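**Q** The sequence shown runs 2 to 430 under this note's numbering. Handing you this structure, nothing more for now.
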Amino acid sequence: MRNRDVAAWTSAVVAALVATALVSPAAAATSAPTTDRACPQLSEKLPWYGQNRARLQRVIDERGTCEGHHGPRPVAAFDWDNTVSKNDVTDATIAWSLKHDKILRPASWRKTSKWLTGDADKALTAACGTAVPVGAPLPTSTDTDCTDEIFNIRESGRTMSGAAAFAGEWNHRRTVPQYAWVPQLFAGHTVPELESYAAQARREALAAPVGSTQTLGTHTIPGYVRYYEQQRDLIRTLKKAGFDVYIVSAGSEPVTEVWSGGRDGVGIDRAHTIAIRSVLDGKGRITTYNEGCGGVGRTQGEAIPYIDGKRCWINQDIFHIKGKSAWEKQSWDRRIALGGGDADTDVTFVGDATGAHLVLNRNKNEVMCRAYDNADGRWVANPMFIEPLPRKSGSYPCSTAAYNEPEGGFGPLLRPDGSVVPDQTDSVY
Numbered sequence: 002m003r004n005r006d007v008a009a010w011t012s013a014v015v016a017a018l019v020a021t022a023l024v025s026p027a028a029a030a031t032s033a034p035t036t037d038r039a040c041p042q043l044s045e046k047l048p049w050y051g052q053n054r055a056r057l058q059r060v061i062d063e064r065g066t067c068e069g070h071h072g073p074r075p076v077a078a079f080d081w082d083n084t085v086s087k088n089d090v091t092d093a094t095i096a097w098s099l100k101h102d103k104i105l106r107p108a109s110w111r112k113t114s115k116w117l118t119g120d121a122d123k124a125l126t127a128a129c130g131t132a133v134p135v136g137a138p139l140p141t142s143t144d145t146d147c148t149d150e151i152f153n154i155r156e157s158g159r160t161m162s163g164a165a166a167f168a169g170e171w172n173h174r175r176t177v178p179q180y181a182w183v184p185q186l187f188a189g190h191t192v193p194e195l196e197s198y199a200a201q202a203r204r205e206a207l208a209a210p211v212g213s214t215q216t217l218g219t220h221t222i223p224g225y226v227r228y229y230e231q232q233r234d235l236i237r238t239l240k241k242a243g244f245d246v247y248i249v250s251a252g253s254e255p256v257t258e259v260w261s262g263g264r265d266g267v268g269i270d271r272a273h274t275i276a277i278r279s280v281l282d283g284k285g286r287i288t289t290y291n292e293g294c295g296g297v298g299r300t301q302g303e304a305i306p307y308i309d310g311k312r313c314w315i316n317q318d319i320f321h322i323k324g325k326s327a328w329e330k331q332s333w334d335r336r337i338a339l340g341g342g343d344a345d346t347d348v349t350f351v352g353d354a355t356g357a358h359l360v361l362n363r364n365k366n367e368v369m370c371r372a373y374d375n376a377d378g379r380w381v382a383n384p385m386f387i388e389p390l391p392r393k394s395g396s397y398p399c400s401t402a403a404y405n406e407p408e409g410g411f412g413p414l415l416r417p418d419g420s421v422v423p424d425q426t427d428s429v430y
């Protein structure tokens, strides 16, 4: 090519990249694409919905360091439960622990959470009794009442009688007490002990047949967990392409680390796994307190990786943004390139991604409204890879009740320009 032909070709390619918003205008102005270094490819043997594989591959090709891009490595971040795995690994660990008498009796149920109600305290005390010494294992493998009460509060935030288990004030986009209560249930154990419970639960859940259930007290819950092979392949391909890949979960950090690491997991180490981080006492035992984010110090759960809290933890732990600024949406070059989630708990950090917002459809209002509205053209919606849900009947209430309000309750979902997201129908299922 002549020089002016090369210049014209380069300008056309740069313009196309800017138009698709897969690179920043600043990066596009200084980096011409290269064609001599092929990026790793996603497996064509693993099915994706529609053109989703190609759309994700395009982000890998254009943002990966395999294309010779300079500067910091691009970052990808994924939620864990029902995003990388089918079914909830926290629930699997709780179930295993209850079946094997691994929950220690607290001195006071009321003090396990700053929001636990008097009704919940009374219900737990009545169900689990006071015969077991404080700090000793509760006989939950045989005591159905105790098991039911603990799991129902974890699952629904209510006692078995239907009374609210948590009350008070909290920012509903930064925490939810029943999620924070999970690591608090393991207070008194060491991290290695909790990891061993998670590892044993993992072996059982992976061995159980797909579709199987288990009984926990009078509750019936999924009995199996599986890694999504498509997500395992995506994560491995991203890493080969030079991405820094993280897990950001609202589960307990030691539990999530057991699942995320190793060759038989997805190969993400502890330094790249972010979840609820318990404060340890002087003897290395888990307490009812956890580390905070964005200027929030050690509390009993006021700033966990939950909705806006996931953005905060990503900004703080990955991009080293400290103080209140960690709660804010950052500039293009200080945001993740690809985010993956499945629920409203993930909507903020997935929406912050500059290349692609991957969502597995579990019919969750706020995140699916964002995905179907697709305001920036980068949302990638996919059915769950195992036992996908049927099509949602009716429409998502985006215009009236999809946004999780900080003070609780739901309101209309707005676009960045202030316009209301119209109601959406389910089309990816």
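Each residue gets a CB set at the ideal place from its N, CA and C atoms; glycine is no exception. Given the structure is predicted, the values throughout are model-derived calculations rather than measurements.
Measure the CB-CB distance between K325 and R312 and report whether it falls below 9 Å.
**A** Cβ atoms of K325 and R312: not closer than 9 Å.
**Q** Quick one: is P107 buried, meaning 16 or more other Cβ sit within 10 Å of its Cβ, or exposed?
**A** It counts as buried.
**Q** My assumption, with CB atoms under 8 Å, is that S301 sits in contact with S114. Please give the rounded CB distance.
**A** In the sequence on display, residue 301 carries Gln and not Ser. Right, their Cβ atoms sit about 6 Å apart.
**Q** In the DSSP assignment, find the unbroken beta strand (DSSP E) run with V246 in it and report its ends.
**A** Run containing V246: 245-253, per the beta strand (DSSP E) assignment.
**Q** Label N375 either buried or exposed according to how many other C-beta atoms from any shown protein chain fall within 10 Å of its C-beta, with 16 as the threshold for buried.
**A** Under this definition N375 is an exposed residue.
**Q** Based on Cα-Cα distance, which residue from H71, W116, A132, D309 lies nearest to V249?
**A** Measuring from the Cα of V249, the nearest candidate turns out to be D309.
**Q** The alpha helix (DSSP H) spanning W314 covers which residue range?
**A** Taken as a continuous stretch (DSSP letters only), the alpha helix (DSSP H) holding W314 covers 309-318.
**Q** Go ahead and pull the three-state DSSP assignment for T148.
**A** Here T148 sits in helix by DSSP.
**Q** In chain order, what are the residue ranges of uninterrupted alpha helix (DSSP H) at least 4 long that sit wholly in the stretch 63-128?
**A** DSSP runs (the alpha helix (DSSP H)) wholly in the stretch 63-128: 90-100.
**Q** Give me the Cβ distance between G340 and A354, rounded to the nearest whole Å; I'm assuming they're in contact under 8 Å.
**A** Confirmed, about 4 Å.
**Q** Less than 8 Å between the CB atoms is what I'm expecting for T91 and D80, so what's the real figure, rounded?
**A** Going by Cβ atoms, the distance from T91 to D80 rounds to 12 Å, so no, they are not a contact pair.
**Q** Residues in its own chain within less than 6 Å of R336 by CB, not counting five upstream and five downstream?
**A** Once the five neighbours on either side are set aside, the close Cβ partners of R336 are D353, T355.
**Q** For F320, collect the residues of the same chain with a Cβ closer than 6 Å to its Cβ; drop the 5 residues on either side in sequence, then sort them by chain order.
**A** Once the five neighbours on either side are set aside, the close Cβ partners of F320 are R335.
**Q** Less than 8 Å between C-beta atoms, sequence neighbours within five positions excluded: which residues of the same chain meet that for Y430?
**A** The answer, listed in chain order, is N362, P384, P389, L390, P391, R392, K393.
**Q** Apart from the five residues just before and just after V60, which ones in its own chain have a Cβ nearer than 7 Å to its Cβ?
**A** For V60, where only same-chain residues beyond five positions count, the Cβ hits under 7 Å are L23, A338, L339, G356, A357.
**Q** Would you give the residue range spanned by the alpha helix (DSSP H) that I236 belongs to?
**A** 230-241 is the span of the alpha helix (DSSP H), which, as asked, contains I236.
**Q** Consult DSSP for L361 and reduce its assignment to one of helix, strand or coil.
**A** In the structure shown, L361 sits in a strand (DSSP, three-state: E or B).
**Q** Whole angstroms is fine: what's the gap from E409's alpha carbon to G252's?
**A** According to the sequence displayed, residue 409 carries Gly and not Glu. Rounded to whole angstroms, G409 to G252 spans 21 Å at the Cα level.
**Q** Nearest-angstrom Cα distance between V421 and P413?
**A** For V421 and P413, the distance between alpha carbons rounds to 7 Å.
**Q** Where does V192 fall in DSSP's three states?
**A** It is helical.
**Q** Using a Cβ distance threshold of 8 Å, determine whether the stretch 145-154 contacts the stretch 266-282, with at least three qualifying pairs required.
**A** No: fewer than three Cβ pairs fall under 8 Å.
**Q** Inspect the beta-carbon positions of D1 and A166 and report whether they are closer than 9 Å.
**A** The question about residue 1 has no answer here: the residues shown for the chain are numbered 2 through 430.
**Q** For the alpha helix (DSSP H) that V183 lies in, which residues bound it at each end?
**A** Per DSSP, V183 belongs to the alpha helix (DSSP H) from 178-186.
**Q** Would you kindly check if the distance between the Cβ of S86 and the Cβ of Y228 is under 9 Å?
**A** Yes, the pair counts as a contact, with Cβ atoms nearer than the cut-off.
**Q** For S428, collect the residues of the same chain with a Cβ closer than 6 Å to its Cβ; drop the 5 residues on either side in sequence, then sort them by chain order.
**A** Nothing meets the Cβ criterion.
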